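Those sequence lines, one after another, are chains V and F. Numbers 219 to 506, taken from my numbering, label the letters of the first sequence in order. Numbers 70 to 425, taken from my numbering, label the letters of the second sequence in order. For glycine and all other residues, C-beta sits at the position ideal for the given N, C-alpha and C. Every value quoted in this text rests on a predicted model; they were computed, and no experiment measured them.
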Amino acid sequence: MRAVYLKELRSYFTGSVAYACFTLMFLIAGIYTWAINIQGASGSFEMTVINMAFWISLLPVPLLTMRIFSEERKQNTDRLLYSLPLKTTDTVFGKYFAAVTVLLVPTAVIGLYPVILSFFGNVNFASCYSSLFALYLMNAAFIAVGLFISSLTENQIVAAIGTAVIIFFNYFLPYIASYASDSAVASVILLVIMGLAIGLIVFLMTKNHTVGIFTAAVIDFALILIYYVKSEILEGIIPAVMNAVSLFDALDVFAGGIFDITGIVFFISVAAVFIFLTVQSLEKRRWA
Amino acid sequence: MIEVKNLTKKYGKNVAVHDLSFSVEAGQVYGLLGPNGAGKSTTMNIMTGCLAATQGQVIINGYDIFEEPVKAKKCIGYLPEIPPLYPDMTPYEYLVFAGEAKGLRGRALKEEIEKVGGVTGINDVMKRLIRNLSKGYKQRVGIAQALMGNPDIIILDEPTVGLDPVQIIEIRELIKSLGEKHTVILSSHILSEVSAVCDEILIIAGGRLVACDTTENLSRLLDTESTVVLQAKGNADKIISVIKNIEGASDVRVTGAATDGTFTLEVSSSKDKDIREQIFYAMKEAECPLITMSKKQSSLEDIFLKIVSDDIPEDLKKKLSLTKNSIFKESYEEAGNEKDGGNEKDENDVKGENNE
Chain V
219 MRAVYLKELR
229 SYFTGSVAYA
239 CFTLMFLIAG
249 IYTWAINIQG
259 ASGSFEMTVI
269 NMAFWISLLP
279 VPLLTMRIFS
289 EERKQNTDRL
299 LYSLPLKTTD
309 TVFGKYFAAV
319 TVLLVPTAVI
329 GLYPVILSFF
339 GNVNFASCYS
349 SLFALYLMNA
359 AFIAVGLFIS
369 SLTENQIVAA
379 IGTAVIIFFN
389 YFLPYIASYA
399 SDSAVASVIL
409 LVIMGLAIGL
419 IVFLMTKNHT
429 VGIFTAAVID
439 FALILIYYVK
449 SEILEGIIPA
459 VMNAVSLFDA
469 LDVFAGGIFD
479 ITGIVFFISV
489 AAVFIFLTVQ
499 SLEKRRWA
Chain F
70 MIEVKNLTKK
80 YGKNVAVHDL
90 SFSVEAGQVY
100 GLLGPNGAGK
110 STTMNIMTGC
120 LAATQGQVII
130 NGYDIFEEPV
140 KAKKCIGYLP
150 EIPPLYPDMT
160 PYEYLVFAGE
170 AKGLRGRALK
180 EEIEKVGGVT
190 GINDVMKRLI
200 RNLSKGYKQR
210 VGIAQALMGN
220 PDIIILDEPT
230 VGLDPVQIIE
240 IRELIKSLGE
250 KHTVILSSHI
260 LSEVSAVCDE
270 ILIIAGGRLV
280 ACDTTENLSR
290 LLDTESTVVL
300 QAKGNADKII
310 SVIKNIEGAS
320 DVRVTGAATD
330 GTFTLEVSSS
340 KDKDIREQIF
350 YAMKEAECPL
360 ITMSKKQSSL
370 EDIFLKIVSD
380 DIPEDLKKKL
390 SLTKNSIFKE
400 SYEEAGNEKD
410 GGNEKDENDV
420 KGENNE
């Protein structure tokens, strides 16, 4: 893991990616601090963190993650990674931690802003830093998402846009959720479609008709059974799920001065799931 | 050292490697030979853990590449067809990465880089970006990567493709010198290269192993007749009639005439008969002075073309089945075993024996 980690860090800093990412983050953080804390004469830096979170995730994260695996594949260097005595998990973790380390630098610099602000007014350091920490963890989760997207394509632009689209929709999910139908029929229809989609994915991964159809049939049969036996548990499930998967929603809690352990666990779990998926996607490519 | 057992790789319905079995002994240079699309690269990718096999086993120094990949990969240095280089790195940084991934640290790492750089001759370009290096140097950096950590087995996939003649000779010399301390497997579709560098040749066609033996054995097996090329002075008709009278000479052809009155002829005879002495005395008697005379060696090229052609003649199959490791071996042994019932279990036993 160490070899991959050092190599990745080196390539971030010998290329222009890390510097472009820093510039963007300082620019965004600067604009928001100026507007909210200086123009608005407010000592509440946590509000700045929450407000800038969208842009600070949307732009720098895809920039950091787009090349991670796509470039290796394009340059044929993935052959090297496969043939060196490295485990796939070593490679993935090495690359993930390198990206997270690069992100730590501008986050630490932005951490100086509350100190500067404290010369001119009252700043609640505890809530400032807990929300900045939460922002960092949320971005670390999005980096895992970007890592996974990057492992799917050999085109960096596709990887970047894919990651940005996911972050974009994740931000707007709670707004869309308020318009979503909460009736049991709508829920069951959507879930049945999702069951079919899961069956299709299983089929595409295993290339086995029987397994794919069986998976979809089991999921959909269970859903329809639940609908007829106890339809009330399906009510409101769509908006609830949409709200639950919004990372930005979990971040908002920190601005109120609450250090939310469930939020922290949520960010780390999202990162873990996508790192796991990345390992699977790389392993799967050897079988292609 | 390396044992490949019943390896099969399918891409959808397309079979790239079909039930391939062979074994590789320590301290020799092996050439994997075959036309384009024969499955050479696929086989190498599977042996180095870059690809998974549909079926079969690859055992490297006792470690199964699929079961204990890290241990098995430690014994292998691999240079794929396209050298896997990071253009934004210098060769030094690149070798640091490869060395660290192979578990080298600190002083041992630095010493290894220096040693490998010396062997491959890239010490002069260590501080330049790989992006700016010439193709020959890029290839050397790729080979240097494979050599890092002093692995027992070095696998090179078409190491001389795209190089200029001087570089090709240099790389071949390098491979020969590597063969003294390591087991080297290289793939190529260039025959002169394989016969120049390799001790033993594995010929693959259509994803199957066709033959595996030394160059000399292969040419000995496949020679059906021996040919003598000679140059003599005199009347062409007279020379032909004289040679035709020699016992054992089956065919005489005039292949060229020069202005000074000499003719070039090719004389065929059966494989195990050397008729050069008789020709000499016959020509002396006829007063047609011999200028030159030599025995023509059947080149690997001829063998190869015979072997990879789609319809292999029956007698050739029979001959190839005598080589150490050939698919025809099984078919002939099975044919011999048919009287014993020859059920599936027996066939597997036969295959198992051949692998050892």
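Item                                                                                                                                                                                                        : Value
Just to confirm my understanding: we take residue 454 of chain V, look at its own chain, exclude 5 residues before and 5 after, and list those with CB closer than 7 Å. What are they?                      : 400
Nearest-angstrom Cα distance between residue 96 of chain F and residue 254 of chain F?                                                                                                                      : 10 Å
Output yes if chain V places a C-beta closer than 8 Å to the C-beta of residue 160 of chain F; else output no.                                                                                              : no
Go to residue 426 of chain F, then tell me how far its alpha helix (DSSP H) extends in each direction, as first and last residue.                                                                           : It is not possible to answer for residue 426 of chain F, since the shown part of chain F is limited to 70 through 425.
Between the stretch 214 to 232 of chain F and chain V, which residues of the former have a C-beta closer than 8 Å to a C-beta of the latter?                                                                : 214
Does any CB atom of chain V fall closer than 8 Å to the CB of residue 70 of chain F?                                                                                                                        : no
Residue 260 of chain F to residue 202 of chain F, Cα distance in whole Å?                                                                                                                                   : 28 Å
Identify, in the order they occur along the chain, each residue of the same chain with its Cβ nearer than 7 Å to the Cβ of residue 373 of chain V, setting aside the five sequence neighbours on each side. : 288
Measure how close the beta-carbons of residue 241 of chain V and residue 255 of chain V come, nearest whole angstrom, since I'm counting them as under 8 Å.                                                 : About 21 Å separates the two Cβ atoms, so there is no contact after all.
Taking residue 364 of chain V as the reference, give the member of V/314, V/322, V/329 with the closest Cα.                                                                                                 : V/314
I'd like to know if the stretch 217 to 232 of chain F and the stretch 156 to 174 of chain F are in contact, where contact means that at least 3 CB-CB pairs between them fall below 8 Å.                    : yes
Leaving aside the five residues before and after residue 324 of chain F along the sequence, list all residues of the same chain whose C-beta is less than 6 Å from its C-beta, in chain order.              : 333, 335
Should the stretch 107 to 116 of chain F be called in touch with the stretch 269 to 276 of chain F, which here means at least 3 C-beta pairs below 8 Å?                                                     : yes
Taking buried to mean at least 16 other C-beta atoms within 10 Å of its own C-beta, is residue 223 of chain V buried or exposed?                                                                            : buried
Mind pulling the chain F residues with CB within less than 9 Å of residue 294 of chain V?                                                                                                                   : 149, 150, 151, 152, 153, 154
Within the chosen definition, does the stretch 137 to 154 of chain F reach the stretch 291 to 305 of chain V through at least 3 CB pairs nearer than 8 Å?                                                   : yes
Indicate whether at least one CB of chain V lies closer than 8 Å to the CB of residue 142 of chain F.                                                                                                       : yes
Got a sec? Which residues, its chain only, sit under 7 Å from residue 236 of chain V by beta carbon, not counting five neighbours each side?                                                                : 230, 320
So, for residue 206 of chain F: in the same chain, excluding its five sequence neighbours on each side, which residues have a beta-carbon less than 7 Å away from its beta-carbon?                          : 191, 194
Any chance the stretch 388 to 399 of chain V sits against the stretch 456 to 469 of chain V, with 3 or more Cβ pairs inside 8 Å?                                                                            : yes
Using a beta-carbon distance below 8 Å, is residue 85 of chain F in contact with chain V?                                                                                                                   : no
Less than 8 Å between CB atoms is the rule here; does residue 449 of chain V satisfy it with respect to chain F?                                                                                            : no
If you check the beta carbons only, do residue 248 of chain F and residue 204 of chain F fall under 8 Å apart?                                                                                              : no
Following the continuous beta strand (DSSP E) through residue 87 of chain F, name the residue where it begins and the one where it ends.                                                                    : 83 to 93
Using beta-carbon positions only, say whether residue 15 of chain F and residue 90 of chain F come within less than 8 Å of one another.                                                                     : Residue numbering for chain F in the displayed model covers 70 to 425; residue 15 of chain F lies beyond these limits and cannot be assessed.
Thinking C-alpha only, which one of F/312, F/87, F/265, F/322 is nearest residue 124 of chain F?                                                                                                            : F/87
Would you please verify whether the beta carbon of residue 505 of chain V is less than 8 Å from any beta carbon of chain F?                                                                                 : yes
Verify whether the separation of the beta carbon atoms of residue 244 of chain F and residue 228 of chain F is less than 8 Å.                                                                               : yes
How would you call residue 290 of chain V, buried or exposed, if buried means at least 16 neighbouring beta carbons within 10 angstroms?                                                                    : buried
Using a Cβ cut-off of 8 Å (strictly closer), state whether residue 496 of chain V contacts chain F.                                                                                                         : no
Please confirm whether residue 285 of chain V has its beta-carbon closer than 8 Å to some beta-carbon of chain F.                                                                                           : no
Residue 245 of chain V: buried (16+ other C-beta within 10 angstroms of its C-beta) or exposed?                                                                                                             : exposed
How close, in whole Å, do the beta carbons of residue 441 of chain V and residue 409 of chain V come, if the pair is a contact with beta carbons under 8 Å?                                                 : 5 Å
Run through chain F and tell me which residues come within less than 9 Å of residue 305 of chain V, C-beta to C-beta.                                                                                       : 138, 139
Interface residues of chain F around residue 225 of chain V at Cβ under 7 Å?                                                                                                                                : 166
Can a CB atom of chain V be found closer than 8 Å to the CB of residue 171 of chain F?                                                                                                                      : yes
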